[in-house]
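Residue numbers (my numbering): 77 to 296. Built from N, CA and C at the ideal position, the CB exists for glycine as well. What follows is one structure encoded as structure tokens, with my remarks underneath.
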Amino acid sequence: QPNLDEKHLSQKQAYGSANRPPETGLAVLSSWISTYSQNEHNIKVINPNKSVDDIIADASNSDVLGVTDWFSNHGNCISLARESKRINPKLKVVFGGPNASMMPSLLLRNHPYIDFVVSRDGEDAILGLVDNKPIKTISNLWHRANGEIRFTHQSYTDLKRMPLWDFSYHENADTRLREYLETQTSGLDPWLVPPLTLFSFRGCMKAIKEGVCSYCTSAE
Numbered sequence: 077q078p079n080l081d082e083k084h085l086s087q088k089q090a091y092g093s094a095n096r097p098p099e100t101g102l103a104v105l106s107s108w109i110s111t112y113s114q115n116e117h118n119i120k121v122i123n124p125n126k127s128v129d130d131i132i133a134d135a136s137n138s139d140v141l142g143v144t145d146w147f148s149n150h151g152n153c154i155s156l157a158r159e160s161k162r163i164n165p166k167l168k169v170v171f172g173g174p175n176a177s178m179m180p181s182l183l184l185r186n187h188p189y190i191d192f193v194v195s196r197d198g199e200d201a202i203l204g205l206v207d208n209k210p211i212k213t214i215s216n217l218w219h220r221a222n223g224e225i226r227f228t229h230q231s232y233t234d235l236k237r238m239p240l241w242d243f244s245y246h247e248n249a250d251t252r253l254r255e256y257l258e259t260q261t262s263g264l265d266p267w268l269v270p271p272l273t274l275f276s277f278r279g280c281m282k283a284i285k286e287g288v289c290s291y292c293t294s295a296e
């Protein structure tokens with residue numbers, strides 16, 4: 077998940093530190109692959125704070141590159157995908173995230189170095205791609221076929237199967253979590269650091285394991 081584009085650098089987080097917390101969504105995807113893949117994979121959540129050249133070197137040395145695309149980092153996502161694919165033409169480039177979900181066919185039409193766009197839930201889609209399953213069997217996936225841009229089919233992740241996730245696949249998890257651990261053990265105001273995202277519109281980890289509360293943000 078690349079950092080903000082230059083034109084969006086003035087955006088500030090709502091709380092406390094200016095440092096980005098680890099991406100919980102990428103921890104979820106990593107744990108899903110690790111738990112349910114039929115193969116062994118070397119999974120790495122690349123440190124977004126490394127130099128651009130180092131990030132591209134990491135990405136282009138992979139078999140599959142997943143990119144989380146927000147409107148505020150879209151330019152960096154495109155540059156990362158283009159340069160990584162130029163270095164390694166065999167690389168599978170997969171875009172997901174809220175911005176990509178809003179314009180999947182446009183991304184594939186305008187950017188030939190993007191191979192797939194995941195719309196909505198990404199767990200089964202990324203798992204199918206890293207395990208080389210037939211494209212038509214992979215849910216929530218936009219792709220090219222016979223000169224056309226097509227969508228496979230829609231499905232929702234079974235939240236009852238969601239494994240507990242951690243940050244062990246993040247390249248620099250200890251550094252990025254240090255502020256949170258220090259705040260936790262010191263008794264300081266927890267709002268000194270940005271909140272870690274523990275749930276999304278799909279539901280929360282508590283609901284997955286113990287059932288939903290009377291007030292629940294899950295729309296599904």
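Margin query: Taking the beta strand (DSSP E) that residue 173 belongs to, which residues open and close that run?
Written below: In the sequence shown, the residue the question calls residue 173 occupies position 97. Per DSSP, residue 173 belongs to no beta strand (DSSP E) and is neither H nor E.
Next item on the list: Could you tell me the boundaries of the beta strand (DSSP E) in which residue 221 lies?
Entry: Locating residue 221 in the sequence shown gives position 145, counting from the first residue. Here the beta strand (DSSP E) through residue 221 covers 217-221.
Notebook entry, point to check: Are the beta-carbon atoms belonging to residue 192 and residue 98 less than 8 Å from one another?
Noted result: As a working mapping, residue 192 is identified with position 116 in the sequence shown. As a working mapping, residue 98 is identified with position 22 in the sequence shown. No, these two residues do not count as a Cβ contact at 8 Å.
Notebook entry, point to check: So what does DSSP say about residue 225, is it helix, strand or coil?
Noted result: Your numbering for residue 225 matches position 149 in the sequence shown. Looking at residue 225 - three-state DSSP - the assignment turns out to be strand.
Note to self: Tell me the rounded alpha-carbon separation between residue 108 and residue 124.
What the structure shows: Locating residue 108 in the sequence shown gives position 32, where the first residue counts as 1. Locating residue 124 in the sequence shown gives position 48, where the first residue counts as 1. Using only the alpha carbons, I get a separation of about 21 Å.
Next item on the list: Look at the alpha carbon of residue 222 and the alpha carbon of residue 187, and state the distance between them as a whole number of angstroms.
Entry: The residue labelled residue 222 in the question sits at position 146 within the sequence shown. The residue labelled residue 187 in the question sits at position 111 within the sequence shown. Residue 222 and residue 187: Cα-Cα distance of roughly 17 Å.
Note to self: Contact between the region 259-271 and the region 112-120 is defined here as three or more beta-carbon pairs at a separation below 8 Å; is this criterion met?
What the structure shows: no
Next item on the list: Look up residue 198 in the DSSP assignment and give the residues it is bridged to.
Entry: For this step, residue 198 is matched to residue 122 along the sequence shown. Paired residues: none, contrary to the question.
Next item on the list: Would you please state the rounded distance, in angstroms, between the beta carbons of residue 167 and residue 177? I believe it to be under 8 Å.
Entry: For the purposes of this step, residue 167 is identified with residue 91 of the sequence shown, where counting begins at 1. For the purposes of this step, residue 177 is identified with residue 101 of the sequence shown, where counting begins at 1. With 8 Å as the limit, residue 167 and residue 177 do not qualify as a contact, their Cβ atoms being about 22 Å apart.
Note to self: So, with DSSP's three-state summary, where would you put residue 295?
What the structure shows: Working through the sequence shown from its first residue, we reach residue 295 at position 219. Since pLDDT at residue 295 reaches only 41, below the 50 mark, its modelled position is unreliable, and the value read off the structure follows with that caveat. DSSP, reduced to helix, strand and coil, places residue 295 outside both helices and strands of the structure shown, so it counts as coil.
Notebook entry, point to check: Cβ-heavy atom distance between residue 252 and the ligand GDP below 7 Å?
Noted result: Among the ligands in the structure shown, none appear at all, so the ligand GDP cannot be discussed.
Next item on the list: Go ahead and label residue 141 buried or exposed: buried means 16 or more other beta carbons lie within 10 angstroms of its beta carbon, across all protein chains shown.
Entry: In the sequence shown, the residue the question calls residue 141 occupies position 65. Buried, since its Cβ has 16 or more Cβ neighbours within 10 Å.
Notebook entry, point to check: Helix or strand or just coil, what does DSSP make of residue 147?
Noted result: Working through the sequence shown from its first residue, we reach residue 147 at position 71. Residue 147 falls in the helix class under three-state DSSP.
Check: Mind checking residue 296: buried by the 16 CB within 10 Å criterion, or exposed?
Finding: Here the question's residue 296 lines up with position 220 in the sequence shown. Unreliable placement is indicated for residue 296, whose pLDDT of 41 sits below 50; the coordinate value is still reported in the next sentence. Residue 296 should be labelled exposed.
Next item on the list: Out of 126, 87, 117, 85, state which residue places its alpha-carbon closest to the alpha-carbon of residue 248.
Entry: Against the sequence shown, residue 248 aligns to sequence position 172. Ranking 126, 87, 117, 85 by Cα distance to residue 248 puts 126 first.
Margin query: Measuring straight from C-alpha to C-alpha, what distance separates residue 219 and residue 227?
Written below: Residue numbering aside, residue 219 sits at position 143 when the sequence shown is read from its first letter. Residue numbering aside, residue 227 sits at position 151 when the sequence shown is read from its first letter. Whole-angstrom Cα-Cα distance: 6 Å.
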